[in-house]
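These notes are about the structure you will find just below.
Number of protein chains: 2
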Amino acid sequence: MPVRLDQSAADFEQQFLSLLGAKRETSIEVGDAVEKIINDVRMRGDRALVDLTNKFDHLDLNQTGIAFTQDEIDAAYQETSSQLIGALNHAYKRITAYHERQLPKDELYTDDAGVTLGSKWNAVDAVGIYVPGGLASYPSSVLMNTAPARVAGVERIAMVVPTPNGVVNPTVLAAAKIAGVTEIYRVGGAQAIAALAFGTDTIKPVNKIVGPGNAYVAAAKRQVYGTVGIDMIAGPSEVLVIADDSANPAWIAADLLAQAEHDKSAQSILITPDAALADAVEKEVERQLEILPKKHLAGPSWDDYGAVIVVKDIDAAIALSNRMAPEHLELAVDDPQALVGKVRHAGAIFLGHHTPEAIGDYIGGTNHVLPTARSARYASGLNVHDFIKRISILGCTPSSLSALAPDAVALAEAEDLQAHGRSVSIRLNR
Amino acid sequence: MPVRLDQSAADFEQQFLSLLGAKRETSIEVGDAVEKIINDVRMRGDRALVDLTNKFDHLDLNQTGIAFTQDEIDAAYQETSSQLIGALNHAYKRITAYHERQLPKDELYTDDAGVTLGSKWNAVDAVGIYVPGGLASYPSSVLMNTAPARVAGVERIAMVVPTPNGVVNPTVLAAAKIAGVTEIYRVGGAQAIAALAFGTDTIKPVNKIVGPGNAYVAAAKRQVYGTVGIDMIAGPSEVLVIADDSANPAWIAADLLAQAEHDKSAQSILITPDAALADAVEKEVERQLEILPKKHLAGPSWDDYGAVIVVKDIDAAIALSNRMAPEHLELAVDDPQALVGKVRHAGAIFLGHHTPEAIGDYIGGTNHVLPTARSARYASGLNVHDFIKRISILGCTPSSLSALAPDAVALAEAEDLQAHGRSVSIRLNR
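Protein sequence lines correspond, in order, to chains Z and S. Counting along the first sequence from 1, when you hit position 366 you're at 365 in numbering that gives the first Met the number 0, and nothing is skipped either side. Counting along the second sequence from 1, when you hit position 83 you're at 82 in numbering that gives the first Met the number 0, and nothing is skipped either side.
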């Protein structure tokens, strides 16, 4: 049974804080093991990849090669059903169209003081994309991680995917082909992150690494941060549904379960001012759970981390949501647009009764790589800005330099940086 | 003596790679010590801050209080010269004006499929700014770190600054007052980062931490990343000057020394097609170095990490610069704008003969917090985007949901996520 909270209860604040603070992940201490793996790959390159893949994935890369060949990728594409290829292409097209609007413009202007100022955007040269193996090897994630990089203009997109015992999801390779991934390697874990960050004979180093992974992958990303850029450290996924009496309990239940089926540490929460709706949704979840293939994951997720919160009104629901900063926020009300302005912290908003989160997971166009575990308080979902960077531009004329010089020199002297001041004043003596 | 490289030499590529790979910082292994400090602050809060500040800063916070009082801040402002207050205000105004143009617009549109898409930007609620104590306690850095946060709309800006033996730079407090910092605490080191990330009775937790610090501060930021957002891990600073025969050797030398005076691990590089200019600049550096108060820092920096590279033409200079991705890039040529388009990787560009980097350090308007140690390959200087985050918006109507549903369900089924597919299809059966 999920927890049921009522805002009118005397101990509500305490219970809400306990819900906010609940840890859904036991962090494993793998830092030392990961450090050893990274050093091994730095020292021995491809030979370390062969040995570590033998050990962890039971696969002999000397037999298979480290990189997938174009023939292997094409074969995977061929064996994917045309319906699925059509769906992947449709999704990729919509994701690309949405992300294209995120490209910023370069700027150059001269201000009142006669100073030229501006900014110039360039793509990162090379990006690495980590794709988990096994259960969580999702073709949709390949599209979501690759599309913004392609839109940004990244030239080299290197994908790594572990293939335990040599098994790979062919649809993942097909998605990579559709998305324009330039190279694919059958390595995973911390060793794959190390190879992308530092390079080996086969895998040239990249400048930024994105994509989710297990505790070893997360620890490796944290350790190579600085040598390369990284995206966020992803945690277990969550949805928060805000619904009023206009909502359909069966639909809300389906959305809560779609989140819960990801894994046992996923979290699904309903907040509503309507206690009757809360009851009806709880009943519907139990009913739909019975016939769900992933009952073994969704059941524990809902029982352990699910929550149903009855509040006094919709504004109170939004206020609690802002404190939670959910990854996904569904506004299951008749006029969702009226609430959007009040949302301060969330990864993505899904508007109204006909926008289940799953539409955004696949084909809506928005990105499904979103900040988890309350990090929407400071982080954004994956977007084009993750793959471009900004160069600032500054230019003075003799006269604008003269105008700014006295205050620049005063500040330099206050900081005891005489050579700074001198580099300004030396230009005034002509 | 700095290294002198000539592109026409047979071993040039090898020498350039060795310059690129030179480590200017010995990384101290402080991870374990930092982990203990963070845990201590998490467990004991203010009491840990008192004990650690006693130990590291020889200051009794029980006597002074952890927070600076408004009276103390006002007194520091009063004792700052009016010339300096004027310079700080001038700088802050210019920095603010430049950063205001970085604010993105919210967006909401409906595409051909009838799907509503958009994005909405919100400021981070609370930000922590780390200001080093001692030598590197720079008022200009207070302005540079705070201005983009203020422009973004951040409500709470908490500054921490260690005050060894109780000594603080009053100009730093004056700058904080001018920039609108909302609270200032006399703590530093890993303990200050821990307090900002997890909160104590006195210091409420923030959502993001920015600002440079020593190895302990850097390690602490790495460890709390995920609990809060962090900015880049800053390394030693560097300047690359590209100059042709139109450049003034004395001015270039002054700029190289302005960089070198920061500390012994700073790096100053000149690339020029003009061997005579290279000779003249080297001579000028030696001459100016003699009379420089910070000769003890600038001398070793120039001798150990300085470099003068003679190339065949300006395009070759830009190509090498793109491989280095320098923090600061000066284009000391007559027509710098013609080169800007060719620059792919740099933190900031300074245009022409009359724009010494120091103008950008203080008063140009651009930010002086820039990506060091070649991280401009994937990172930007500090800007408004570091203090805002993006919520994506997606909305379907019954008919646009019907149009997208088949491909969404096909992808969900390919990923074996039946509840995802069901959350879409259940809405079609009415």
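Ideal Cβ positions, reconstructed from N, Cα and C, are used throughout, including at glycine.
Who are the near neighbours of residue i in its chain, counting only those whose CB is closer than 6 Å to its CB and skipping five residues on each side?
i	result
P138/S	T170, V171, A174
E237/Z	Q266, P325, E326
L296/Z	E260, D262, K263
Y201/Z	Here residue 201/Z turns out to be Thr, not Tyr, going by the sequence shown. Only D45, I65 meet the Cβ criterion.
G228/S	K207
A418/S	none
V159/Z	Y129, Y184, V186, A191
L494/S	Beyond the ends of chain S as shown, which are 0 and 429, falls residue 494/S; an answer cannot be given.
A402/Z	A112
Suppose the cutoff is 8 Å on Cβ atoms and the five residues either side in sequence are ignored; what does the same chain contact list for residue i look like?
i	result
N164/Z	D56, H57, L58
I317/Z	I241, L338, K341, V342
L288/S	L256, K294, A297, G298, W301
Identify the continuous beta strand (DSSP E) that holds residue i and give its terminal residues.
i	result
Y129/Z	125 to 129
R221/S	Run containing R221/S: none in the beta strand (DSSP E); it sits in the alpha helix (DSSP H), 214 to 223.
E237/S	237 to 242
G435/S	Any property of residue 435/S remains undetermined from this structure, which presents chain S solely from 0 to 429.
Q266/S	266 to 271
S391/Z	387 to 394
Y91/Z	That residue, Y91/Z, is in no beta strand (DSSP E); its alpha helix (DSSP H) goes 81 to 99.
I208/S	207 to 209
I290/S	Taken as a continuous stretch (DSSP letters only), I290/S belongs to no beta strand (DSSP E), as it is neither H nor E.
Looking at the C-beta of residue i, does it have a partner C-beta in chain S at a distance below 8 Å?
i	result
N206/Z	yes
Q190/Z	no
P147/Z	no
R430/Z	Since the displayed chain Z opens at 0 and closes at 429, residue 430/Z lies outside it and no answer follows.
V114/Z	yes
A337/Z	no
E78/Z	no
Y184/Z	no
G363/Z	yes
R376/Z	yes
Looking at residue j and residue i, is the spacing between their C-beta atoms short of 8 Å?
i	j	result
C395/Z	I241/S	no
L255/Z	S267/Z	yes
E283/S	A259/S	no
V150/S	K207/S	no
Q222/Z	L48/Z	no
N121/Z	I387/Z	yes
D110/Z	H89/S	no
V36/S	A193/S	The residue asked about is misnamed: residue 36/S is Ile in this sequence, not Val. Cβ atoms of I36/S and A193/S: closer than 8 Å.
P355/S	V114/Z	no
L350/Z	L369/Z	no
S245/S	D312/S	no
Considering just the uninterrupted stretch of the alpha helix (DSSP H) at residue i, what are its terminal residues?
i	result
F15/S	11 to 20
A74/Z	69 to 77
Does any C-beta atom of chain Z lie closer than 8 Å to the C-beta of residue i?
i	result
E106/S	yes
N382/S	yes
F430/S	Lying before the first or after the last residue shown, residue 430/S is absent from chain S, which here runs from 0 to 429.
K388/S	yes
N121/S	yes
V130/S	no
G20/S	no
K293/S	yes
N366/S	yes
P397/S	yes
E24/S	no
S81/S	no
L172/S	no
A265/S	no
W250/S	yes
Y215/S	no
S17/S	no
So that I know if they touch, is there some Cβ in chain C lying closer than 8 Å to that of residue i?
i	result
A347/S	Any reference to chain C falls outside this structure, whose protein chains are Z and S.
Excluding five sequence neighbours on each side, which residues of the same chain lie with their C-beta closer than 7 Å to the C-beta of residue i?
i	result
Y361/Z	A90, S139
A233/S	P211, T371
G420/Z	V408, A411, E412
Open item on the list: Please give the ranges of any beta strand (DSSP E) in the region 125 to 172 of chain S, keeping only runs that are unbroken, at least 3 residues long and fully inside the region.
Closed with: Within the region 125 to 172 of chain S, the complete beta strand (DSSP E) runs of at least 3 residues are 125 to 129, 155 to 159.
Open item on the list: Extract the residue ranges of the beta strand (DSSP E) inside the region 312 to 398 of chain Z, only unbroken runs of 3 or more that lie entirely within it.
Closed with: 327 to 331, 347 to 350, 387 to 394
Open item on the list: Quick check for students: name the residue ranges of the alpha helix (DSSP H) that lie wholly in the region 28 to 62 of chain S, counting only runs of 4 or more.
Closed with: Segments of the alpha helix (DSSP H) lying fully in the region 28 to 62 of chain S: 30 to 43, 45 to 56.
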